[in-house]
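For reference, the structure discussed in these notes is given below.
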Amino acid sequence: MVWRKLSRYVGSLEESGDILRIPDPVDVELEAGCFADRLVKRGGPAIKFEQPRLPDGSISKFPLLMNLYGTRERTCKALGVEEPRQVGEGMVALMKPDIGGILKAPWTGIGLAKQGMAMAPRKVSRGACQQVVMEEPDVTRLPIPRTWPEDAGPFMTLPLVVTADPETGVHNMGMYRSQVFGPTEVGLHWQTHKHGADHADASTNRMPVAICLGGPPELTFSAISPLPDNLTEYEFAGLLARKRLSIVKCETSDLWVPAECDVVIEGYTVPGETRLEGPFGDHFGYYSLPEPYPVMHVTRITHRKDAMIPMTIVGLPPMEDGYLGEAVGDAFLPVLKFQQRDLVDLFLPLETGFHNLAIMASKQRYPRQARKTALGLLGAGQLMFQKVVIAVDEGHPVKDLDALLDVLDYRVHIPEDLIFLRGMVADTLAHTAPWDNIHDKLIIDATTTPKGDPHSELPEQLGCSDSLEISASAVKGVVQARMLRSSMLVVTTNIEGNPKPESSMEEPSEEGAARQREIIRGISKAIWSLEAAQNLRWLFITDDDAYLASDDWRRRLLWQLFCRFDVGRDLHFDDSGGRLAWDATAPIPSNKGPLPVRRWPGVTLHDPEVAERVDSWLAEGGY
0 MVWRKLSRYV GSLEESGDIL RIPDPVDVEL EAGCFADRLV KRGGPAIKFE
50 QPRLPDGSIS KFPLLMNLYG TRERTCKALG VEEPRQVGEG MVALMKPDIG
100 GILKAPWTGI GLAKQGMAMA PRKVSRGACQ QVVMEEPDVT RLPIPRTWPE
150 DAGPFMTLPL VVTADPETGV HNMGMYRSQV FGPTEVGLHW QTHKHGADHA
200 DASTNRMPVA ICLGGPPELT FSAISPLPDN LTEYEFAGLL ARKRLSIVKC
250 ETSDLWVPAE CDVVIEGYTV PGETRLEGPF GDHFGYYSLP EPYPVMHVTR
300 ITHRKDAMIP MTIVGLPPME DGYLGEAVGD AFLPVLKFQQ RDLVDLFLPL
350 ETGFHNLAIM ASKQRYPRQA RKTALGLLGA GQLMFQKVVI AVDEGHPVKD
400 LDALLDVLDY RVHIPEDLIF LRGMVADTLA HTAPWDNIHD KLIIDATTTP
450 KGDPHSELPE QLGCSDSLEI SASAVKGVVQ ARMLRSSMLV VTTNIEGNPK
500 PESSMEEPSE EGAARQREII RGISKAIWSL EAAQNLRWLF ITDDDAYLAS
550 DDWRRRLLWQ LFCRFDVGRD LHFDDSGGRL AWDATAPIPS NKGPLPVRRW
600 PGVTLHDPEV AERVDSWLAE GGY
């Protein structure tokens, strides 16, 4: 199915009963986002708020859409495919056409030719996005949610931000969250690694910017996809839609924007002008704290007559962005396999925020081949942000987390199969990193050791008895203990003075941080000294807000283990070097430890009164 405009996709969801229409007024402040969060975590429908209520109490004339892509089924539907990998397979066919086959039977190349021709955007003189011009541009009249109590204001969370290279004129469309400062001022969170930041840095004068909202779903996927530099988002959107994307010139600048968008916000940035943006509840489940970012000055707002405003929320996973990210990962896997010929499969668990853990299946014909493959991935587009890569055999089911625990248990030799990469690129949003945009990375080789590898002579590894769980529970400072595998134990603790989920900790406490490090060392040594722990190789320590007896303890634990630790700071070996303690407790900010801990943000949690109100409403509706 080719959607061509947002209303077609929404209409299809309505026909299939996969969208919840809410006719009553709902506040864009805290309420709408809570509705979306509750439904996405339950695998519920998309939502259409027909009367979104603005902060001043008035009702916006634009319906608010949320959770449009909040299941795997909806993401596939939006892409018009049965499986996302079909997108990547089509790209590989264009990248490596069967020249011999086409020469023998030229008609077999007609489909590829049509695909290629569909990629070139088509300029039009007038677009549906310009049907109505707002008399006085005022971004605050749009239904833009504020989701979390500590959010600094309303944020556009599905914005298609269009900029152009000031030298070449080549356009870029990226998705950079945008904070509404006022009627005509918007903060643009383009990180230093993004094309928007490149364009701004190269500009010596006012730089035109356009924020597009809505439009056909392929635009959203194009904006978030890790495209090669020689393929623009507009070209990729045409490839997804199998039809040339219509673009139209902005009314106050020379930028070209998708003609079928629902809303276009035009404006400009001034070189060197910044303003504190944030806090903002982000996709790692924590608030990203205030930092200076460019300010967009709004000059015009145009929209369709029937405009609808799509938004999403990000926070403690699973969230809608998880399904979007999973679809993008699956879609581009064929392209990655084409570029990395030893790569067999790849999975980025949504619980870890996509940039914290990659499980990679690799061919293993010769010693250390999987490690080579992992290093190649860390240089591939946005995979450069990965913190941990676990390499497994090519037949391993990468999405089976129980199978992952199995191979970590019996295949990994510590420290021989741990490869540390010091001082590498980090995601700007990686709050655990000791420095902005810099952290260590870890490759764990969990593949079968081939013949000829020195590690093939290592002795068979033994496990621990189940009694260790009871013994460890009695250790001072341990709240709960649970065996994950015969060589793997997870314990929870409660460290006085460390950051708790409901609050941020911005000021360093050297005394508190030193005490926390000592407590972690004490728990580790005490457990390692237990008679039953002789063969314990993996010890995971985390805060007691991971309740190990709850129904979703696995999902919660996975989030904590990978979103609360730093490779260089929080991995500790015993005296033999063969046992590892993995510290995933929320660290106290410090400048004097082995590696610094920057200010530590709070977890994204809803206002209790709002949550109770929303839960009551959903219960009445049977959700």
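In terms of numbering that gives the first Met the number 0, the sequence shown has 352 at position 353, counting the first letter as 1, and numbering is strictly consecutive. For every residue, glycine included, the Cβ atom is placed at its ideal position computed from N, Cα and C.
query	result
R568 in three-state terms, based on DSSP	helix
One or two residues paired with C562 in a DSSP bridge	Answer by DSSP bridge pairing: none, since C562 is not bridged.
Where F419 falls, given that 16 or more other Cβ within 10 Å makes a residue buried	exposed
C-alpha gap between C260 and D550, whole angstroms	42 Å
Host alpha helix (DSSP H) of P194 (start-end)	Note that residue 194 is His in the sequence shown here, rather than Pro. Per DSSP, H194 belongs to the alpha helix (DSSP H) from 194-201.
Extent of the continuous alpha helix (DSSP H) run through F337	319-338
Integer Cβ distance of A360 from H395, believed to fall under 8 Å	5 Å
Euclidean distance between Cα positions of I18 and R553	30 Å
Beta carbon of G284 nearer than 9 Å to that of G328	no
CB-CB length for I210 against G32, believed under 8 Å	Contact flag wrong, Cβ pair sits at about 20 Å.
Any 3 or more C-beta pairs closer than 8 Å across the stretch 186-197 and the stretch 237-250	no
Nearest neighbour of M624, chosen from E619, D36, S615 [CA to CA]	This structure cannot speak to residue 624, because the chain is shown only from 0 to 622.
Distance between R364 and Q339 (C-alpha atoms, nearest Å)	15 Å
Contacts around M172, its chain only, beta-carbon distance under 6 Å, and the 5 residues preceding and following it disregarded	L159, V161, A222, E232
With 16 other Cβ atoms within 10 Å as the buried cut-off, status of E265	buried
Secondary structure of A119, DSSP reduced to three states	coil
Spatial distance of A326 from L347 (CA atoms)	10 Å
Distance CB(R597)-CB(W434) smaller than 9 Å	yes
Inter-residue Cα distance where the pair is S59 and L141	7 Å
Three or more C-beta pairs below 8 Å linking the stretch 373-393 and the stretch 459-473	no
Cutoff 6 Å; reference A425; Cβ partners in own chain excluding five residues on either side	A432, N436, I437, H438
With 16 other Cβ atoms within 10 Å as the buried cut-off, status of A104	For A104, the pLDDT reaches just 47, beneath the cut-off of 50, and the residue's location in the model is therefore unreliable, although a value from the coordinates is still provided. Classification for A104: exposed.
Own chain partners of L335 with C-beta closer than 7 Å, once the 5 adjacent residues on each side are dropped	L342, L345, A379
Assigned secondary structure, V613 (DSSP; H/G/I helix, E/B strand, else coil)	helix
Per-residue DSSP class, three states only, for S470	helix
Rounded C-alpha distance that separates D614 from E30	11 Å
Residue of A369, G69, L332, A545 minimising C-alpha distance to P500	A545
Where F220 sits in the DSSP three-state scheme	helix
Heavy atom of the ligand COA within 8 Å of V474 beta-carbon	Ligands in the displayed structure: none, and consequently the ligand COA is not present.
Buried or exposed by the 16-neighbour rule on C-beta atoms within 10 Å, applied to K591	exposed
Contact set for A199: own chain, Cβ-Cβ below 8 Å, skip 5 residues either direction	T162, W189, M206, T268, P270, P293
Pair within 9 Å by beta-carbon distance, R176 and T146	no
In chain order, each beta strand (DSSP E) run of at least 3 residues that lies wholly inside the stretch 467-518	477-484, 487-492
Residue from V247, D573, M90 whose Cα sits closest to the Cα of P333	M90
Span of the alpha helix (DSSP H), counted from its first residue to its last, around K450	Looking at the DSSP string, K450 is not in any alpha helix (DSSP H), and its letter there is neither H nor E.
DSSP bridge partner residues for C211 (one or two, in chain order)	L159, V263
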